[in-house]
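Encoded as structure tokens, the structure appears first; notes follow it.
In this note's numbering, the protein residues as written are -16 to 60.
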């Protein structure tokens, strides 16, 4: 079973409509290297995943799990 978002993470995702998302592609020197930042809008949220759509192209979707955040693979501001 997927790990659920913490209360603080849920509050963060519910508090905003648009998110600045960076996706890492390379693990170097103990951390992920972010290769690009995009703006996404919240589409759907569950206990363990959030689905976002690109602000400029609604056909582009991104699903973020609690593990992605915990591992630092995806950074959301």
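A virtual CB, placed ideally from N, CA and C, is assigned to each residue, including glycine. This one's a predicted model, so the numbers in the text were calculated from it and none came from an experiment.
I need the straight-line Cα distance from residue i to residue j, nearest angstrom please.
| i | j | result |
| --- | --- | --- |
| residue 22 | residue 49 | 19 angstroms |
| residue 3 | residue 43 | 15 angstroms |
| residue -12 | residue 45 | 17 angstroms |
| residue -6 | residue 13 | 28 angstroms |
Check for me: the beta strand (DSSP E) holding residue i runs from which residue to which?
| i | result |
| --- | --- |
| residue 43 | 40 to 48 |
| residue 2 | 1 to 11 |
| residue 14 | 14 to 28 |
| residue -9 | Segment -10 to -2 is the alpha helix (DSSP H) holding residue -9; no beta strand (DSSP E) there. |
Name the residue from the options whose alpha carbon lies nearest to the alpha carbon of residue i.
| i | options | result |
| --- | --- | --- |
| residue 16 | 5, -8, -2, 47 | 5 |
Is the Cβ-Cβ distance between residue i and residue j less than 8 angstroms?
| i | j | result |
| --- | --- | --- |
| residue 55 | residue -15 | no |
Since residue i and residue j are thought to touch, with beta carbons under 8 angstroms apart, how far apart are those beta carbons, to the nearest angstrom?
| i | j | result |
| --- | --- | --- |
| residue 33 | residue -4 | 5 angstroms |
| residue 24 | residue 1 | 5 angstroms |
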